[in-house]
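Engineer: Before anything else, here's the structure in question.
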Amino acid sequence: MYVATRRNNIFRQQYLHGKPFTLLTDHKPLERIFSEKRETPKVASNRLLRWAMILNMYNYTIRYHPGKENGPADVLSRLPVEDQTKSKREEQGFPERGHLLTLRLKHLPITKKALVEATKADKILKAIGVYINNHWPEKAHLEKYMLTFY
Numbered sequence: 000m001y002v003a004t005r006r007n008n009i010f011r012q013q014y015l016h017g018k019p020f021t022l023l024t025d026h027k028p029l030e031r032i033f034s035e036k037r038e039t040p041k042v043a044s045n046r047l048l049r050w051a052m053i054l055n056m057y058n059y060t061i062r063y064h065p066g067k068e069n070g071p072a073d074v075l076s077r078l079p080v081e082d083q084t085k086s087k088r089e090e091q092g093f094p095e096r097g098h099l100l101t102l103r104l105k106h107l108p109i110t111k112k113a114l115v116e117a118t119k120a121d122k123i124l125k126a127i128g129v130y131i132n133n134h135w136p137e138k139a140h141l142e143k144y145m146l147t148f149y
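Following numbering that gives the first Met the number 0, the residues of the sequence shown are numbered contiguously, the last one being 149.
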C-alpha cells in the first residue's frame, strides 16, 4: 500500500498509471475494503479515504498475501526512504505540496457505480480513458479541447 499510495511517487507515475496491476497486502481487511466489488466505506479514517482516492485513479486488483511470506514489503513499510528527485515545478521554485480536504457526508451525492456510468457516457472522459489505457496520440493529432488533458 505504501508504494501505491505515496504522494509524488515516480514509480507510481511511470509504471502504474494506465496499466492493470495486482496490489498485494498483508492486511486482510484492506483486501475487502478496496476490492472492486465494494464502494469506499462512508465512515472511514482519513488515511483510508486518502488511499481510496489515490487508488481509484488506477486499474488494480487487490489480493491478500501474508506478511511472513512477503519480507521485502515489510521492510519497505518500516524503512521508507525519502524521494530525492524533484518535479519540474519544484525545480522552478514552486513547492510540491497539496492539501486534501476531507468531507464526511451521511449520504454521498453520487455512488461509485453512478460515477462510472456517467464517465462512460461522457465523450471526453471516455476518450481520455481510452488514451490512458492504450497510449496517447501525438500532440499534433489531438483535438484542441483535448490538449488540456495531454
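Built from N, CA and C at the ideal position, the CB exists for glycine as well.
It should be emphasised that the depicted structure is a prediction, and the values quoted were computed from it without experimental measurement.
Taking the continuous beta strand (DSSP E) assigned at Y149, which residues delimit it?
Structural biologist: Here residue 149 is taken as the residue at index 150 of the sequence shown, counted from 1. It is not in any beta strand (DSSP E) - Y149 carries neither H nor E in the DSSP assignment.
Engineer: Go ahead and pull the three-state DSSP assignment for T21.
Structural biologist: Indexing the sequence shown from 1 puts residue 21 at position 22. Strand.
Engineer: Indicate whether Y149 and W135 have their beta-carbon atoms separated by less than 8 angstroms.
Structural biologist: In the sequence shown, residue 149 corresponds to position 150, counting from 1. In the sequence shown, residue 135 corresponds to position 136, counting from 1. Yes.
Engineer: Report the rounded CA-to-CA distance for P108 versus L146, giving the unit in angstroms.
Structural biologist: In the sequence shown, residue 108 corresponds to position 109, counting from 1. In the sequence shown, residue 146 corresponds to position 147, counting from 1. Cα to Cα, P108 sits roughly 30 angstroms from L146.
Engineer: Hey, how far is the Cα of Q153 from the Cα of T118?
Structural biologist: Any property of residue 153 remains undetermined from this structure, which presents the chain solely from 0 to 149.
Engineer: Quick one: what does DSSP say I131 is sitting in, helix, strand or coil?
Structural biologist: On the sequence shown, residue 131 is found 132 positions in, with the first residue counted as 1. In the structure shown, I131 sits in a helix (DSSP, three-state: H, G or I).
Engineer: What did DSSP end up calling T60 once you bin it into helix, strand or coil?
Structural biologist: Here residue 60 refers to the residue found at position 61 when the sequence shown is read from its first residue. T60 sits in a strand when the DSSP states are folded into three classes.
Engineer: Please report the Cβ distance between L15 and H64, rounded to the nearest whole angstrom; I am assuming they are in contact, meaning their Cβ atoms lie under 8 angstroms.
Structural biologist: What you label residue 15 is simply residue 16 of the sequence shown in a count that begins at 1. What you label residue 64 is simply residue 65 of the sequence shown in a count that begins at 1. Actually they do not touch by this definition, with Cβ atoms about 18 angstroms apart.
Engineer: Taking its Cβ as the centre, do 16 or more other Cβ atoms sit within 10 Å of F20, making it buried, or is it exposed?
Structural biologist: Residue numbering aside, residue 20 sits at position 21 when the sequence shown is read from its first letter. Exposed, because fewer than 16 other Cβ atoms sit within 10 Å of the Cβ of F20.
Engineer: Between which residues of its own chain and L141 is the CB-CB distance below 7 angstroms, once the five residues before and five after are set aside?
Structural biologist: Within the sequence shown, the letter at position 142 stands for residue 141. Contacts found: Y149.
Engineer: Check whether the Cβ atoms of I61 and S34 sit closer than 8 angstroms, and answer yes or no.
Structural biologist: For the purposes of this step, residue 61 is taken as residue 62 along the sequence shown, with counting starting at 1. For the purposes of this step, residue 34 is taken as residue 35 along the sequence shown, with counting starting at 1. Going by C-beta atoms, I61 is nearer than 8 angstroms to S34.
Engineer: So what's K85 in DSSP terms, helix, strand or just coil?
Structural biologist: Sequence index remark: in the sequence shown, residue 85 carries index 86 (1-based). K85 falls in the coil class under three-state DSSP.
Engineer: Check whether the Cβ atoms of G17 and I127 lie closer than 8 angstroms to each other.
Structural biologist: In the sequence shown, residue 17 corresponds to position 18, counting from 1. In the sequence shown, residue 127 corresponds to position 128, counting from 1. No, they are not a contact pair.
Engineer: So L141 is in the alpha helix (DSSP H); what residue range does that whole segment cover?
Structural biologist: For the purposes of this step, residue 141 is taken as residue 142 along the sequence shown, with counting starting at 1. Here L141 belongs to no alpha helix (DSSP H), and DSSP marks it neither H nor E.
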